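K.L.:
Going by my numbering, the final residue of the sequence shown carries number 682, and the count climbs one at a time with no gaps.
Glycine residues also receive a C-beta, built at the ideal position from the N, C-alpha and C atoms.
Quantities reported herein were computed from a predicted structural model and do not represent experimental measurements.
One structure follows; several queries about it will come next.
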Amino acid sequence: MSNHRGKIAGLFICILLLASGFISLYTRRLRAFAFIKELNVLRESTPATTNDLDDKLNFGARPHVQTQTSWNAPIMWELMFDNNLYDRKHKEANTTVALTVFAVGRYLEAYLKTFLTSAEEHFMLGLPVTYFVFTDLPEQVPEITLAPQRNIIIVKVEKHTRWQDISMMRMKTISEVIDTVLQHKFTYVFCFDVDQIFKGRFGSEALGESVALLHAHYYKLPKYRFTYDRNPESKAYMTEGDYYYHAAIFGGTCEKVKALADYCYVNIMEDKLKNVEALWHDESHLNKYFWLNKPTKLLSPEYCWDEYISNTEDILVKRLVWAPKDYEKLRTR
């Protein structure tokens with residue numbers, strides 16, 4: 350009798366195992382089907398692929414400046430590229446560009462309107478552009494007349510007590526907006542400081558997978574004068590590097606810009622846990638990132654020039670210039 354019951358119990362267990370396996374397999378197939386559907390939706394909304402035209406550059410057009418890095422990334426200067434070729438190819442590829450800018454506290458009133466109106470005159474003309482304005486005062490964002498295919502989205506953010514924290518915490522915000530919005534809608538994203546004015550063409554030739562900017566005050570100096578963070582306690586600590594990059598502008602594909610922003614944010618937070626602050630805040634961390642992860646395109650100081658620099662022999666076009674600064678009035682302590 351006990352033998353018979355044992356057989357029945359064994360059979361019952363086998364049936365349970367088979368049923369469980371079938372349910373598990375069925376569930377996996379449902380999940381796979383759902384994932385495929387989701388992937389198809391993402392593909393439908395994914396922007397056009399990037400457009401690499403840098404093999405068309407004339408690297409010999411500017412013999413008195415460096416036009417290429419040791420890892421063969423171009424350094425963009427006037428006369429090296431054909432404006433019309435870049436613009437035509439990016440229009441054919443349906444390239445879309447997001448621009449992020451932070452206008453917090455007094456920076457909004459002092460700079461934002463001039464930044465946006467000058468961008469409408471010079472930034473990526475002919476391409477669809479959306480400005481993402483991050484501010485603690487959304488009701489004070491000025492109304493701007495936008496060209497067709499140009500949009501502005503205002504996002505409210507927290508105002509930190511110290512300007513240094515505003516500067517550093519933007520990396521977290523940039524990463525989050527790429528995750529939630531940009532990666533499925535835009536081919537490229539560019540991140541700008543607001544205290545700048547567009548003066549000349551800042552066009553599609555600047556687009557690339559990972560884009561860094563040469564700092565106007567350091568591009569001609571020897572490396573030992575670069576102001577990297579020299580504190581071994583900081584995650585931004587560097588003993589050597591390639592160039593000194595300016596955090597006023599950086600850009601690239603959403604994937605690459607998110608990687609940069611995540612790297613800087615995580616390292617900033619690790620420093621905070623140790624009560625350490627990098628010398629030039631997020632710029633120090635950005636320089637460390639680009640030392641470890643070489644940019645695929647560098648922008649010359651033509652793309653962000655300080656007009657207080659008297660030697661302009663290399664600067665044929667001032668595409669973007671630093672706005673006059675009054676840090677005593679603008680910055681919180």
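1. I'd like to confirm something about Met618: is its beta-carbon nearer than 7 Å to some heavy atom of the ligand SAM, or not?
2. Is it buried or exposed for Asn616, if we count other Cβ within 10 angstroms and need 16 for buried?
3. Could you pull the DSSP bridge partners for Pro423 from this structure?
4. What is the rounded straight-line gap between the Cα of Ala397 and the Cα of Ser553?
5. Please determine, among Ala410, Ala422, Asp401, the residue with the shortest C-alpha to C-alpha distance to Lys643.
6. Starting from Asn433, follow the alpha helix (DSSP H) in both directions and report where the run begins and ends.
7. Taking only the alpha-carbon atoms, compute the straight-line gap between Lys572 and Trp654 and give it to the nearest angstrom.
8. What number of angstroms, rounded off, separates the C-alpha of Thr463 from the C-alpha of Asp542?
9. Give me whichever residues DSSP pairs with Ala561 in a beta bridge.
10. Hey, out of Ala410, Lys438, Glu427, whose CA is closest to Asp401's CA?
11. Count the other CB atoms within 10 Å of the CB of Ala295; is the residue buried (16 or more) or exposed (fewer)?
12. Alpha carbon to alpha carbon, how far is Asp631 from Ser524?
13. Considering only C-alpha positions, which residue in the set Asp620, Leu474, Ala442, Ala468 is nearest to Asn580?
14. Taking the straight line between their C-alpha atoms, what separation do you get for Lys505 and Thr645?
15. Using only CA atoms, which one of Thr484, Leu531, Asp485, Leu428 lies nearest to Gly600?
16. Have a look at Leu556, Arg499, Ile503, Asn432 and flag the residue whose alpha-carbon is nearest the alpha-carbon of Leu457.
17. Cβ of Trp629 within 8 Å of Cβ of Met587?
18. Quick one, which of Tyr577, Ser559, Val560 has its alpha-carbon nearest Tyr688's?
P.N.:
According to the structure data:
1. Among the components of this structure there are no ligands whatsoever, and the ligand SAM is therefore not found.
2. Using a 10 angstroms sphere on the CB of Asn616, the tally of other CB atoms reaches 16 or more, which defines it as buried.
3. DSSP lists Gln417 as partners of Pro423.
4. In this prediction, Ala397 has a pLDDT of 49, which is less than 50 and means its spatial position is unreliable; nothing more can be read from the coordinates.
5. The shortest Cα separation from Lys643 among Ala410, Ala422, Asp401 belongs to Ala422.
6. Bounds of the alpha helix (DSSP H) holding Asn433 are 432-441.
7. C-alpha separation (whole angstroms): 20 Å.
8. If I take the Cα positions, the gap works out to 12 Å.
9. Per DSSP, Leu647.
10. Looking only at Ala410, Lys438, Glu427, the smallest Cα-Cα distance to Asp401 is reached by Lys438.
11. Past the boundaries of the shown model lies residue 295; the chain is included only from 350 to 682, so the question cannot be answered.
12. Taken atom to atom, the span from the alpha-carbon of Asp631 to that of Ser524 is near 14 Å.
13. Measuring from the Cα of Asn580, the nearest candidate turns out to be Asp620.
14. Cα to Cα, Lys505 sits roughly 32 Å from Thr645.
15. The shortest C-alpha separation from Gly600 is found at Leu531.
16. Looking at the Cα atoms, Ile503 is the closest of the given residues.
17. Not in contact: Trp629 and Met587 (Cβ atoms no closer than 8 Å).
18. A question about residue 688 goes unanswered here, because the residues of the chain that appear run from 350 up to 682.
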